[in-house]
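Right, one structure below, let's go through it.
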Amino acid sequence: MSDAYLIGAGQSSYGAFPSESYRSLFRTAFEVAVESVPNGIDADEIDEAVIGNLGVGGRQLGLSGPAVTEHVGLDGVPTTRVENACAASGFAVRQAVQAVKSGMADVVLAGGFEIMSDMSSDATKYWLGVSGETEWERLSGTTFSGVYAQMASVHMERYGTTREQLSRVAVKNHANGAKNPHAQLGFECSLEDAQSAPVVADPLNLYHCCPTSDGAACALIVSEDVVDDYTDDPIRVAGVGAGSDNVGLFQRDTYTGVPASQRAAESAYEMADVSPNDLDFAEVHDCFAIAELLAYEDLGFCEKGEAGQLIESGATELDGDLPVNTSGGLKSKGHPIGATGAGQVVEAYKQLTGNAGERQVENPARGLTHNVGGSGGASVIHVFEKESEVNA
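Remember, the numbering used here sits 1031 above the position in the sequence shown when you count from 1.
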């Protein structure tokens, strides 16, 4: 079975862009991804495309994949749209890897997009809610912030996690996002700011919640048969893992973890033959501050119940032992649902090629991306490694 490689990645800025369409944002991401390929690539060399999108607002729910690929000149290229809530384009990357490893394609475009800023707050809440358990959880009035607030409350009660520790996630990610020109909320915040913000769903306040965003992101995945045509310094997709679970939080056995992420991490580490200690950075799904703390535990960065201590220690800051969310994460960079997973891969590509600017990690060899759908109904993880660094 062929190895798969990441040869290029790019994104639009994230934010609110009333003068842009989903097609124009996708074009920006696609063009940046193509330009990032070291030895160049022509659009007619792409064999297949997989595009993640939730369809917030109801625009182009059918055939949204071909709607954007044809716009960028990929006429006739087989295109599949993937929907897995917030993990849509993370799973698109996974399907691109599968297509390459199976031998069905040599060059695959994986990407995603979302427009979320052109509707009322009530309409936005509705479209966010479609990724929750709609028969019981949503009809009872529960929102996503309410679901994650339940997870935070139980974690705080059981393990002594504090509101200050939740706020430190926001402070760290805003500090990183302030160094990212593509970030929606690209400004720093103080611990006082993050602790005193208005409550959204107790114990979560405004600084514990990511924004809704417009944006697009793309990644190019190729086989080992052709990788040398595109780069002299390959980045291998060393590990892939995925998991699913009950859509509703109330249906699961635990409120203090995401079993789908735990299973995905176990599979990805096993495939890559690495442990969490071998990682140099990670992009994790921090839709809410508690989600990042849960990820620390689910992915094995610390023991169960110790995530609050880990964030407090500074280990996950940019200059720490394991920098997490160097891009700013969903909290600062933004969360255009269909683009988020591919956008995490963009950051991994930048870090591993030394193009992350002020937020560059020193000589990284391996990085991980972690993308979650809903409150944990789906999760996908990729481990990327720069062969020249790993083999040095």
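No residue lacks a Cβ here, since even glycine has one placed at the ideal position from N, Cα and C.
Per DSSP, residue i forms a beta bridge with which residues?
i, result
"Gly-1083", "Val-1113, Gly-1143"
"Cys-1240", "Phe-1319"
"Tyr-1036", "Val-1253, Arg-1267"
"Thr-1400", "Glu-1314, His-1413"
"Gly-1134", "Beta-bridge pairing links Gly-1134 to no other residue."
"Gln-1042", "Ala-1248"
"Ala-1232", "Leu-1235"
Measuring only the C-alpha atoms, how far is residue i from residue j?
i, j, result
"Gly-1246", "Ser-1148", "10 Å"
"His-1102", "Arg-1054", "7 Å"
"Val-1137", "Glu-1219", "Note that residue 1137 is Asp in the sequence shown, not Val. Between Asp-1137 and Glu-1219, the C-alpha separation is close to 42 Å."
"Arg-1112", "Gln-1181", "32 Å"
"Pro-1367", "Phe-1048", "12 Å"
"Gly-1208", "Thr-1384", "19 Å"
"Val-1305", "Pro-1234", "36 Å"
"Gly-1388", "Cys-1249", "19 Å"
"Ile-1412", "Gly-1331", "13 Å"
"Asp-1350", "Ser-1171", "44 Å"
"Ala-1214", "Gln-1391", "15 Å"
"Ala-1206", "Thr-1110", "37 Å"
"Val-1253", "Val-1139", "6 Å"
"Val-1289", "Gly-1407", "6 Å"
"Asp-1263", "Pro-1307", "27 Å"
"Ala-1130", "Gly-1345", "39 Å"
"Asn-1277", "Arg-1283", "6 Å"
"Arg-1189", "Gly-1134", "48 Å"
"Ile-1082", "Val-1271", "18 Å"
"Thr-1100", "Leu-1251", "13 Å"
"Phe-1281", "Ser-1184", "14 Å"
"Asp-1256", "Ser-1033", "8 Å"
"Gly-1041", "Gly-1360", "16 Å"
"Lys-1132", "Ser-1227", "49 Å"
"Leu-1325", "Thr-1371", "18 Å"
"Ser-1244", "Leu-1216", "10 Å"
"Leu-1094", "Val-1377", "24 Å"
"Phe-1122", "Gln-1196", "30 Å"
"Gly-1039", "Glu-1076", "14 Å"
"Val-1202", "Gly-1089", "34 Å"
"Val-1403", "Thr-1155", "19 Å"
"Glu-1297", "Ser-1275", "13 Å"
Would you decide whether residue i is buried or exposed? Buried here means 16 or more other CB atoms lie within 10 Å of its CB.
i, result
"Asn-1115", "buried"
"Pro-1229", "exposed"
"Ala-1232", "buried"
"Leu-1222", "exposed"
"Ser-1198", "buried"
"Ile-1329", "The residue asked about is misnamed: residue 1329 is Asp in this sequence, not Ile. Counting Cβ neighbours within 10 Å, Asp-1329 comes out buried, since at least 16 surround it."
"Asn-1204", "buried"
"Glu-1066", "exposed"
"Val-1124", "buried"
"Ala-1423", "exposed"
"Glu-1393", "exposed"
"Leu-1092", "exposed"
"Thr-1357", "buried"
"Thr-1285", "exposed"
"Asn-1236", "buried"
"Ser-1151", "exposed"
"Pro-1031", "Not covered by the structure: residue 1031. The range shown for the chain is 1032 to 1423."
"Ser-1044", "buried"
"Thr-1059", "buried"
"Pro-1354", "buried"
"Ser-1419", "exposed"
"Pro-1242", "buried"
Just confirm the distance between the C-beta atoms of residue i and residue j, as a whole number of angstroms; I'd bet it's less than 8 Å.
i, j, result
"Gly-1369", "Gly-1071", "That belief does not hold up - the Cβ atoms of Gly-1369 and Gly-1071 are roughly 27 Å apart, past 8 Å."
"Gly-1339", "Trp-1167", "So it is not a contact: roughly 31 Å between Cβ atoms."
"Val-1461", "Asp-1317", "Here the chain covers residues 1032 to 1423 and nothing more, so residue 1461 does not appear."
"Ala-1320", "His-1239", "4 Å"
"Ser-1410", "Ala-1303", "About 16 Å; that fails the 8 Å criterion."
"Leu-1037", "Tyr-1380", "6 Å"
"Gly-1405", "Ser-1162", "4 Å"
"Leu-1105", "Ala-1080", "6 Å"
"Gln-1375", "Pro-1395", "That belief does not hold up - the Cβ atoms of Gln-1375 and Pro-1395 are roughly 15 Å apart, past 8 Å."
"Ala-1269", "Val-1414", "5 Å"
"Thr-1347", "His-1186", "In fact, because the Cβ distance is near 17 Å, the residues do not count as touching under 8 Å."
"Glu-1145", "Leu-1085", "6 Å"
"Ala-1299", "Gly-1398", "No, Ala-1299 and Gly-1398 are not in contact; Cβ-Cβ is about 12 Å, not under 8 Å."
"Gly-1177", "Arg-1169", "About 10 Å separates the two Cβ atoms, so there is no contact after all."
Please find out if some non-hydrogen atom of the ligand PLP comes closer than 7 Å to the beta-carbon of residue i.
i, result
"Asp-1137", "With respect to the ligand PLP, the structure offers nothing, as it holds no ligand at all."
Exercise for the section: Pick out the complete alpha helix (DSSP H) segments inside the stretch 1237 to 1289, 4 residues or longer, and give them in chain order. Expected result: Segments of the alpha helix (DSSP H) lying fully in the stretch 1237 to 1289: 1258 to 1261.
Practice task
Output the residue ranges of the alpha helix (DSSP H) runs that lie fully inside the stretch 1344 to 1395 and measure 4 residues or longer, sorted by chain position.
Solution key: Annotation: the stretch 1344 to 1395 contains the following complete segments of the alpha helix (DSSP H) (minimum length 4 residues), in chain order: 1360 to 1363, 1371 to 1383.
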